[in-house]
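So the number in our numbering is just where the residue sits in the sequence shown, counting from 1, plus 292.
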Amino acid sequence: MPNTLTSDAVWWTLCMIDVWSSTGVRLPRLMIPQPNIPLPMNEATFLAMTRTEGFTRSISTDRTSSLLAQMVLLNKILSEINDFNTEAAKTTLTEEYKRTTITTLSANLSTWLKNLPAYMHDTPSNLEYYASQGQGHLFVTLYLGYYHYGQMLFYRFLHEDVRGYTPRTHFYAEQCKEHAVRLCEMIYRSEEVPGCAVLYNMVGHVLVIASTVQIHTLLFGDEGSVVKARARLERNFIILTKLRALWTTLDVCMERLQAFHRACRRSVDTSFCMDGWMVRFLVEFANPVRDKDSEGVEVPWALKDIGIGN
């Protein structure tokens, strides 16, 4: 039984990594989620298992109390968001199709959040609780995923809201900004609550994306929001610098942020347009990105650029 439960958790972890990594390096996915494989079980129950007595708690078939299981459910939505953004950049989709797809994906995110048990809601007390159980970093990771997926889904509306106001466009643009702000704040809290620090390299990528949303606020926001966005950018840069000292591969993330900044300086009007360059910037975190005005020039890169190989 323990080996089976461990195998289930490993399987789903690999499936989640496959969604991130395949998109990040432009490779096809290899792991096909299998509906017959149970979601990971509650972490506290699993950790209470002893070598001699097995499980000291009853094992529930309801896996919604598992942080890892919730990550798996969220990851499925990320896969759909990535597929939509990529398809929308490569092909001419009808406005009706895009509107319907975005509405569906937005509803999926909302439903996931609504279905969470109260003890998993993003509150200071819940963060403190999970930290006391040695699972604070998992709680933080869960919400970094949720907020990142939201900013990815609604990112296109930053450009559309500036180009032409409609209630729907403005609502989704504000949703993007809200997700980006909440992502930043979750990382800040993770630094302040013992046992919650998240130091893995993907934090650098999601924080870079959230930082570009702060740049949008600097360019187009009102005075009050500009002050807050500038403060977040300064703090984000400090965090990225710390992470860069741990992960040399984050040099790519910093270079991508610099390329985005150059694009904004060249053309504020088009820098947030959800074109092919922007989709690659958002999802291909392992690839260096060329300047936006040199789309016809390919910049070679190798596996060594993402820390693989010599």
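Idealized CB from N, CA, C, for every residue including glycine. A quick note: this is a predicted structure, and the numbers were derived from the prediction, not measured.
Check                                                                                                                                : Outcome
Start and end residues, alpha helix (DSSP H) containing Ile507                                                                       : Met494 to Phe512
Closest by C-alpha distance to Pro416, when choosing among Glu372, Tyr480, Lys584 and Ile329                                         : Tyr480
Burial state of Ala502 (16 or more Cβ within 10 Å)                                                                                   : buried
Helix, strand or coil at Thr541 [DSSP, three-state]                                                                                  : coil
Pick from Leu436, Val490 and Pro325 that is closest to Glu470, judged by C-alpha positions                                           : Leu436
Residue closest to Thr384, alpha-carbon to alpha-carbon, out of Leu549, Asp514 and Asp567                                            : Asp567
Residue of Ala399, Ala578, Arg536 and Leu419 minimising C-alpha distance to Gly487                                                   : Leu419
Chain-order list of residues whose beta-carbon lies under 6 angstroms from that of Arg321 (same chain, five-residue window excluded) : Asp310 and Ser314
Closest by C-alpha distance to Leu499, when choosing among Arg355, Ala555, Ala340 and Arg524                                         : Arg524
Start-to-end residues for the alpha helix (DSSP H) that takes in Asn418                                                              : Pro416 to Ser424
Minimum C-alpha distance to Asn374 - residue among Lys584, Phe577 and Asn334                                                         : Phe577
Per-residue DSSP class, three states only, for Thr461                                                                                : helix
Distance CB(Val575)-CB(Ala381) smaller than 7 angstroms                                                                              : no
Reduced DSSP secondary structure (H/G/I, E/B, other) of Thr342                                                                       : strand
Whole-number beta carbon distance between Gln427 and Glu547, since they are thought to touch under 8 angstroms                       : That pair is no contact at about 34 angstroms.
Simplified DSSP state of Gln443, which is helix, strand or coil                                                                      : helix
Pro327 vs Ala361 beta-carbon contact at 7 angstroms                                                                                  : no
Cβ-Cβ separation, Cys565 to His429 (assumed contact under 8 angstroms), whole Å                                                      : Not quite, the Cβ-Cβ distance comes to about 36 angstroms (not below 8 angstroms), so this is no contact.
The stretch 508-526 / the stretch 399-415 touching (three or more Cβ pairs under 8 angstroms)                                        : no
Sequence-distant residues of the same chain with beta carbon closer than 7 angstroms to Phe338, five excluded per side               : Leu297
Short Cβ contact (7 angstroms threshold) for Val490 with Thr433                                                                      : yes
6 angstroms Cβ shell around Ser563 - same chain, five flanking residues per side excluded                                            : Ala555 and Cys556
Three-state secondary structure assigned by DSSP to Ile329                                                                           : coil
4-residue-minimum alpha helix (DSSP H) runs that sit fully inside the stretch 375-402, ordered along the chain                       : none
Cβ pair Asn493, Thr541 closer than 7 angstroms                                                                                       : yes
Burial state of Thr509 (16 or more Cβ within 10 Å)                                                                                   : buried
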